[in-house]
Amino acid sequence: MESVGSIIVYTIITLAIVVCSVLAVTTRKILRAATYLLFALFATAALYFKLDYEFLGAVQIAVYAGGIVVLFVFSILLTSQPGDNSAKLASKKRALGFIGALSMLLVAGYSLVSRASFLTATASGDNPVMKEIGTALMGTGHGEYLLPFEAISVLLLACIIGGVVIARKR
Amino acid sequence: MFSNILIYFVIIPLLMLGGFALCRTDKAVRTVAVVGSMALLALSVWLLVDYIALRQAGETAEMLYTGSWVWFAPLNIHLAVGVDGVSIAMLLLSSIIIFAGSFASWKIDNMRHFFMWLLLLSTGVFGFFISIDMFTMFMFYEVALIPMYLLIGQWGTGRKEYSAMKLTLMLMGGSAFLMLSLIGIYFHSAPEGGQLTWNLLEIAQNDSISRGWQYFLFPMCFVGFGVLGAMFPFHTWSPDGHACAPTAVSMLHAGVLMKLGGYGCFRVAMYLMPTAANDLAWIFLILTGVSVVYGAFSACVQTDLKYINAYSSVSHCGMVLFAILMINTTALTGAIMQMLSHGLMTALFFALIGMIYGRTHTRDIRLMGGLMKIMPFLGVGYVIAGMASLGLPGLSGFVAEMTIFVGSFQHTDMFHRVFTIVACSSIVITAVYILRVVGKLLFGPVQDEHHLSLTDATWWERLSTITLIVSVAAIGCFPNFFEWLIRFTFSPEIFRAIGLN
Amino acid sequence: MELTMIYYLIPSLIMFCCGVYGFITRRNMIAILISLELMLNAVDINFVVFNRFLFPGEMEGMFFTLFAIGLAAAETALAIAIIINVFRVSNSIDVRDVNKMKH
Amino acid sequence: MQPVIPIIILALPLTMFLVLGLLGHKMSHRLAGILGTAGMGTTMVLAYIVSFTYFFSGNPSFIDADTHTRLQAVIFNHDWLAFTPSLVIRLGFLLDPISALMLVVITTISFMVHLYSNGYMRDHHGVWETGFQRFYAFLSLFSFSMLGLVVATNIFQMYIFWELVGASSYLLIGFYYTKPSAVSASKKAFIVTRFADLGFLIGILILSFYTGTFNFTDLTSVEVSNGVYQISESTASSVKNIFATSAAPVFMGGSVLTWALVLIFMGGMGKSAMMPLHIWLPDAMEGPTPVSALIHAATMVVAGVYLVARLFPLYLMEEMSLQIIVVVGALTALYAAMVACTQIDIKRVLAFSTISQIAFMMVSLGVARPEFHHGLGYMASMFHLFTHAMFKALLFLCAGALIHAIGSNDYTAMHGLRKHMPVTHITFLIGCLAIAGIIPFAGFFSKDEILTATMGHSTFWYVWMSAVAGLTAFYMFRLYYLIFWWKEHKVPQGHHAPHDQPWTMTLPLVILAVISCVAGFVPMGNLVTWNGHGMFENVNIFTNFAALDWGVASISLAVAIIAIIIATVMYKKENPLPEKMKNLLPNLWRWCHHRFYWDELYMFITHKIIFGCISKPIAWFDHYIVDGAMNGLALLTQKVSYAIRGLQSGNIQMYVWYYLIGALLLGAITAICLI
């Protein structure tokens, strides 16, 4: 049985996620879309915190909210004048997209809800200790992730170089 | 490996390819081409003599000079070689035509590359005829087909891109059937639990392809090779392809490459699947019988010299497949003779047409006339080629066709009789279209006064033409020799499964 | 009331569908990228939720999310670099204008 | 006999062909002419030697001493192409009465023509025809082929040389190859005879398949049994094989043997210009006149007769095939004679006359039966072949002399030449008398034997053939009078008067005329008979007189003389009688004049039916249906590619759509299945 506070927090987070997501894809002002995305990401981070993944939540805020969204904002500012609205979408296309997304929602939602009885596990376990995370990242045994860690670091390096090369002014 | 004489049929063209790569001038290219093709000719003559000596000494093996070297062990693919009289005849034919073809393309643009592709093609042809391993056979077959695309597309005339594409795609379509059936044969090449093999001799010995599978594989194999043999209704690549190809390529293609089809039909389809061949022959007899007459009738109304000859090839090559399907010693001997004969005379035709076209810049017979007076050598050559084609005794066409007819007549049922007579009637139609062309092209008044200033053949053209004429006459005058050379292959044991002859 | 998995999965699903909607309707490349981020994020949530509810002792889901975030960062950075480059060339970031390499 | 001389007989003309053909253009015209003529002269002498040895040496391999039967002697026989162990084409040299006779005929006429051409093939100023050497090369090739044909030891050798003869005839007819009419005439000759040869070939295939042999000696040997000469046991048994074979002894309503023989006869019809395959012969007159004399009068056209004679014992076994020969021959004879009465081109008259005379020989073979005078028809046919060759060659060579002098084939340009060209006049007259059958010229005897044989077979055909013989006399003398009498020849201005020819042309005329006078006295009945057994006990110069059936002879003589008188009345002097005759039967005259529209019919068949209704539709079918199907396949592939190319647009949003739809479908399916 959850505490009332937990339920309230959950409700707020969920509402934030849903509303911000919807707004992020429906607003016509691109800068606002980025802002709503930021809020959605924050809400996600909050969800992680609520599920006791503090490190993950921190990473979410630092990388996503701090890094990616800033990139978005910069690029938006670089590529469009403030006050530029993206063109109004053709209603047909919007309706089609809406139907597509909604039908997906319904199908997936139906299949989830219809099996809700199976998904009755409750949240358990603790916040992973930072030390464990570090060990797991640097280890090579079972459940340890040195190789992906190295791979992703190389990837990031490549990404940096690639970004520089691509965006460089010729 | 290098002690086997046959392997040099592949090595010499490859060496020539290397030689061309090093050449810098046209003169050097010609030198390499002439020396190389003479070496090939000498090699095949030497092989012929040696083969005869061996047979005279009482050698009775089915194939001589056999050799086998592992190439890819997991699938048991070998580079296996061996020849009998039929292959030797084909090797001789190929080397004569390559020799003549080298002279016929004495002056061609971008000569070095032309000869490189031509020799790659020849490599495939020679490789095909010496192989007795189905896989290497198929590989060489493809090697022979692909350069054709570039040769026609690059050095051709007219709608060359279209023709090259059509030719390649149709032949590739045939290859697809062929590959399926070869793989099918491979997987039934040995009795249950035995070592699967690609080797023709071993497969024939094992005789383990069940009747049902033969019924499935034989038509595919026959159609696959039949496309290259210009079997109706898969012949349409031939007129367009020949019309657009440069002279030497037409010669080589009609003279040798189309023989790959007939040879393959006999060597793979008939040889390995005699039961199905015997039972299903009637289907293909209808098609090839139609080919023979149909090609001849089509040739009657064409106006382009090369089209006429291409349709004539459809008719004559139809005769080859027709005879193969008769499945008896005489008819099969005739089929091989017809391959030799058609190869030489059609090469002669194409060489002459190329030479005439090179002078008049048209191949439309309506625009030419009275060329006999202007270029007597080429005219006489053309008449001789025509006479060979319509089966004048003393030239090769006659002996081949007569052998086929006599062989075909050994069947007593009405179906075979009727189709034999239909095939016989082609000799009249052939006369019609040959004489029509000769009459319009060579005789009569000169149509175009610009032609009056044209010159007769140059020495290299004469050499090329004379080589072929002499070969045609040699077969026509001494058929018994060739017949003897070929006949050994069709010993009764080969048809033991059928119980014919 | 017990907050079971379904309560977390449904918002994630809604988020994902929003991403899909945005991805297939928007024409601004940056907006498309934003929709993409939404979808990625929704998937991340699912990983974390499954990890927490079904395999509480393990850390696979968390690590997967961790790497996914890293990858998303890299991908976004590159995508934005490309978008800026495209903008320089064609002075537009409308996807319909980016078809010069097709022909 | 040693095979050396026979080999030389065949090899010498071939060598001449190769030498003149390959090196001719480097020689002077005169040298080429002399070389060719000398070569042929040598061949002639050798052929005489061989032939006389055969007939008169009494060598046991040539004549059976006990029964006085002439034998078939194979001088040499080399394997050339072995189809099966028993079916082998051999090239050899067979000597028997008819081949020995033909050797003489061919080499004589050929030599005359070689000699004559030396004069004919140059104009009045002594300028040689272009291609003179080529002409001699072709003549040599033809002689070689024809000699090879007559000495063939097996039917396939005959077919080989048969084809070679056809080809060399093609080359000779088309000698003036820049003339379109000559080209089309040569083409026509080759194709028509080729069509006939198709029948010949199929006949050979049938015959050889069922009898298992090509050899004439096996197929046709004749032997004596109980004092009667008949088909030998071996021939009969090999032919009986045909009936013994269970497989298809009957083929489309006739016995296999009948079919084989009729088809072989069809080959003979083509070469011998029997109706309806005669149409090539009148056109073949486009060739130089000596060629017409050699090929289209004396040698090649009798090949068909020779073929039937060669296989005569086989034909004897099938009554029906002989009946067919008689009918075809008789119809052709009448037809050709009627047409000959209305032609204005002298060579065409002679051509139709040739057709008619060959038909006589065919009829004679058709009516020959061993029961009647030991197969008199066979002997008569060969006799007529011999005499006809001589006088017809003479007539043609005379015609050549006229054409050479006038420069036209049309007799309207000739009239009244007897004073200008006396030698030609006399020799032509001798030829006409011979062909008309006036005693004692050659034609009288041979034609009389033919009529006697016909009489012995059927009165109807006897009357028919006698009428044709009368027509023959009529049209020959019509021609004679129109050329040499009618009205005086006026020399057109600027032309020199026509005159007799150089000795190279005159000599052959005289020689042939002499032969035409005396050839009738050759005791052919003792030399050439179907079974080799001589007809007469004692032979002297009047044997033929003694053997005549005077009843038949006097009637035919009377018919001929009446016909000549009619011709004299009508044509000796310019008068309106011919016009009246023409107007009396206008339709008949028109049909005859247009040769009964055979050419038009053939034109229709070849152009409209073969080209228009077969070849063109096939070419259309090939181009639009077969090729169209292939191109259509390619087009379809291309269209499908273009159509589905839109799916791979590079538009990622569309990809998401596809993905989404696919995912939804899968999801929906899963959901439905799980419900």
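Protein chains in written order, with my numbering: chain P, 189 to 358; chain F, 111 to 611; chain G, 1055 to 1157; chain Y, 4 to 678. Just so you know, even glycine gets a beta-carbon here, dropped at the ideal spot from N, CA and C.
- The beta carbons of Ala-472(Y) and Val-562(Y) sit about 6 Å from each other, so the pair counts as a contact at 8 Å.
- Excluding residues up to 5 positions away in sequence, nothing lies with its Cβ nearer than 7 Å to the Cβ of Leu-201(Y) in the same chain.
- Pairing Ile-418(F) with Val-547(F) gives a Cβ-Cβ distance under 9 Å.
- In terms of beta-carbon proximity, Leu-663(Y) lines the interface with chain G, with at least one pair separated by less than 9 Å.
- The beta carbon of Met-485(F) sits closer than 8 Å to those of Ile-466, Arg-469, Leu-564, Thr-565, Asp-566, Ala-567, all from its chain and outside the five residues before and after it, given in chain order.
- Counting along the chain, Arg-93(Y) sits inside the beta strand (DSSP E) bounded by residues 91-98.
- Between Ala-541(F) and Phe-147(Y), the gap from beta carbon to beta carbon reaches 9 Å or more.
- Taking a beta-carbon distance threshold of 9 Å, Ala-632(Y) does not count as an interface residue toward chain P.
- Of all alpha-carbon atoms in Leu-265(P), Val-247(P), Ala-204(P), Ile-264(P), the one lying nearest the alpha-carbon of Ala-1126(G) is that of Val-247(P).
- Cα atoms of Gln-5(Y) and Asn-534(Y): separation of roughly 25 Å, rounded to the nearest angstrom.
- For Leu-317(Y), the CB contacts under 7 Å within the same chain, skipping 5 residues up- and downstream, are Leu-222, Thr-223, Val-242, Leu-264 in chain order.
- DSSP places Arg-1081(G) in the coil class of the three-state scheme, outside both helix and strand.
- Against Asn-1100(G), chain P offers no close residue; the least beta-carbon distance is about 11 Å (beta-carbon pairs closer than 7 Å).
- Using a CB distance below 9 Å, the part of the stretch 1079-1094 of chain G facing chain P consists of Thr-1079, Arg-1080, Arg-1081, Asn-1082, Met-1083, Ile-1084, Ala-1085, Leu-1087, Ile-1088, Ser-1089, Glu-1091, Leu-1092, ordered along the chain.
- As the crow flies, the alpha-carbon of His-363(F) is around 54 Å from that of Leu-74(Y).
- In the displayed model, Tyr-241(P) falls within coil according to three-state DSSP, outside both helix and strand.
- Under the Cβ distance rule, Val-1140(G) does not count among the residues neighbouring chain Y, no pair being separated by less than 9 Å.
- The beta carbon of Thr-307(F) sits closer than 7 Å to those of Asn-186, Ser-299, Ala-300, Ile-313, all from its chain and outside the five residues before and after it, given in chain order.
- The Cβ-Cβ distance between Ala-671(Y) and Val-295(P) falls below 9 Å.
- Put simply, of Leu-153(F), Ser-147(F), Pro-123(F), His-526(F) the residue whose alpha carbon is nearest the alpha carbon of Ala-433(F) is His-526(F).
- About 24 Å separates the beta carbon of Ile-1068(G) from that of Val-192(P), a gap too long to meet the 8 Å contact definition.
- When only Cα atoms are considered, Phe-480(Y) and Ile-565(Y) end up about 11 Å apart.
- Residue Gly-39(Y) holds the alpha-carbon nearest to the alpha-carbon of Phe-20(Y) among Leu-34(Y), Gly-39(Y), Ile-8(Y).
- Distance check between Ile-109(Y) and each of Phe-135(Y), Asp-69(Y), Val-48(Y) places Val-48(Y) closest, using alpha-carbon atoms only.
- Between the beta-carbon of Pro-336(P) and that of Phe-1101(G) there is about 14 Å, and that puts the pair past the 8 Å contact cut.
- Judged by pairs of C-beta atoms under 8 Å, the stretch 244-257 of chain F does not touch the stretch 135-148 of chain F, as fewer than three such pairs exist.
- A straight line joining the alpha-carbon of Gly-446(Y) with that of His-377(Y) spans about 21 Å.
- Annotated three-state conformation of Val-191(F) is strand, per DSSP.
- Every alpha helix (DSSP H) stretch that sits fully inside the stretch 152-207 of chain Y and reaches 4 residues is listed by chain position as 158-176.
- Taking 9 Å as the cut-off, the Cβ atoms of Glu-321(Y) and Ser-258(Y) count as close.
- Measuring C-alpha to C-alpha distances from Thr-267(P) to each of Ala-1096(G), Ile-1099(G), Ile-1084(G) identifies Ile-1084(G) as the nearest.
- According to DSSP, Trp-179(F) shares a beta bridge with Leu-189(F).
- Between Leu-204(Y) and chain F, the shortest Cβ-Cβ separation is below 9 Å.
- Between the alpha carbons of Val-366(F) and Trp-570(F) lies a distance of about 21 Å.
- Between Ala-441(F) and Gly-517(F), the beta carbon gap of about 3 Å places them in contact (Cβ cut-off 8 Å).
- By the criterion of a C-beta distance shorter than 6 Å, Leu-144(Y) is surrounded in its chain by Phe-20, Ser-171, once the five residues flanking it on both sides are discounted.
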